[in-house]
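According to my numbering, the stretch in the sequence shown is residues 219 to 506, in order. Only one structure is covered here, and it is reproduced in the block below.
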Amino acid sequence: MSHDATANDDPLDLGGVVPPMVTAFDEDESVDYETTADHARFVVDRGVHGVFPLGTNGEFALLDGDEQAGVVEAVVDEVGGEVPVIAGVGAPSTYHTVDRAEHAAEAGADGLVVVTPYYYPVDETGTVEHYRRVAEATELPIYVYHIPSKTGNALSHATLDALAEIDGLAGVKDSSKDVPWLPRPRLPRRVGLAAVPRPARRLYRWRERGGERSPRTARRSPRIVLGRRYRARTRVSEHPLSGARRVQRRAVSRRCEGRTLAAWVRRRPAAESAPRDGRRGAIGARSR
Numbered sequence: 219m220s221h222d223a224t225a226n227d228d229p230l231d232l233g234g235v236v237p238p239m240v241t242a243f244d245e246d247e248s249v250d251y252e253t254t255a256d257h258a259r260f261v262v263d264r265g266v267h268g269v270f271p272l273g274t275n276g277e278f279a280l281l282d283g284d285e286q287a288g289v290v291e292a293v294v295d296e297v298g299g300e301v302p303v304i305a306g307v308g309a310p311s312t313y314h315t316v317d318r319a320e321h322a323a324e325a326g327a328d329g330l331v332v333v334t335p336y337y338y339p340v341d342e343t344g345t346v347e348h349y350r351r352v353a354e355a356t357e358l359p360i361y362v363y364h365i366p367s368k369t370g371n372a373l374s375h376a377t378l379d380a381l382a383e384i385d386g387l388a389g390v391k392d393s394s395k396d397v398p399w400l401p402r403p404r405l406p407r408r409v410g411l412a413a414v415p416r417p418a419r420r421l422y423r424w425r426e427r428g429g430e431r432s433p434r435t436a437r438r439s440p441r442i443v444l445g446r447r448y449r450a451r452t453r454v455s456e457h458p459l460s461g462a463r464r465v466q467r468r469a470v471s472r473r474c475e476g477r478t479l480a481a482w483v484r485r486r487p488a489a490e491s492a493p494r495d496g497r498r499g500a501i502g503a504r505s506r
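Structure representation (structure tokens):
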């Protein structure tokens, strides 16, 4: 195993399952803060190890600054102090990212997930300066959110090595699905990774190369994820890939036996991308 858990520089010592939450909306597309908080309560009561509001599935890019601050406040008020609340504060510009980071800190967030700048192309110098300025504006640990399919800006090995020099950066949430780069940069090796690919073979490679925590379907089925898939992750850490596959297959079988998996797949497209019709709340609706 290339990962040494004792060398983890994450002040929150995150591990386990940290689901990216959906943001609830009313019929008029205004944010439903109460239901959003209820969702946080739902997953925390079922044993997750942290919550991540305002990620891609939280539709952060469709919310203004006040709405984002309101979501963080609602989640912190509901589950803050029980598990870490790691708030997404992404924005296309550094200026707005810093502003949202400051508001999230004031609301009581325990950590920040900062996506790379998006829409406009940015080079290595600009990316490093972006994270440096955010880190200088807050004392909260920062997790780099790498999702090039949405931002258009991929992080190179050299950029990740440069980011590792910034105090305050605590980890990487990698959603690139490009597992082979994980063992090379210093930042992921130093602090651990997130964003687990689903298949057992990729889960094994992720864990072997330093992965520490998992989001994914825990936002919808936390008991299955924690009871079965998290055990699959643990089995991987013990070493045998076949054992992890066995546990994962049982989790899928359980969903099928309950007649939930097939029906859900037929009715609901994967909630990985923005709503196709631009309507806020579409991701949350598809996840129910």
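The beta carbon of each residue, even a glycine, is placed where N, CA and C say it ideally should be.
| Query | Result |
| --- | --- |
| DSSP three-state assignment for Val236, whether helix, strand or coil | coil |
| Rounded straight-line distance, which links the Cα of Val332 to that of Val269 | 15 Å |
| Alpha-carbon spacing of Thr334 relative to Val362, whole angstroms | 7 Å |
| Whole beta strand (DSSP E) elements within the stretch 258-303, 3-residue minimum | none |
| Where Arg497 falls, given that 16 or more other Cβ within 10 Å makes a residue buried | exposed |
| Bridge partners - Val307, DSSP secondary structure assignment | Per DSSP, none; premise fails for Val307. |
| Cβ-Cβ distance between Asn371 and Val340 below 8 Å | yes |
| C-beta contact flag for Leu358 and Ala309 at 8 Å | no |
| Three-state class that DSSP yields for Ala380 in the structure shown | helix |
| Residue span of the alpha helix (DSSP H) that contains Ala322, given as start and end | 312-325 |
| Leu378 beta carbon less than 8 Å from that of Ala353 | no |
| Straight-line gap, Asp244 to Thr254 (C-alpha atoms, nearest Å) | 11 Å |
| Coil, strand or helix - Ala388 by DSSP | strand |
| With 16 other Cβ atoms within 10 Å as the buried cut-off, status of Ala376 | exposed |
| DSSP three-state assignment for Gly344, whether helix, strand or coil | helix |
| DSSP-derived helix/strand/coil call for Tyr336 | coil |
| Exposure of Gly299, with buried meaning 16 or more beta-carbon neighbours within 10 Å | exposed |
| Supposed close pair Ala325, Val294 - CB separation, criterion 8 Å | 5 Å |
| Start and end residues, beta strand (DSSP E) containing Val362 | 360-364 |
| Sequence-distant residues of the same chain with beta carbon closer than 8 Å to His257, five excluded per side | Met239, Val240, Ala242, Arg437 |
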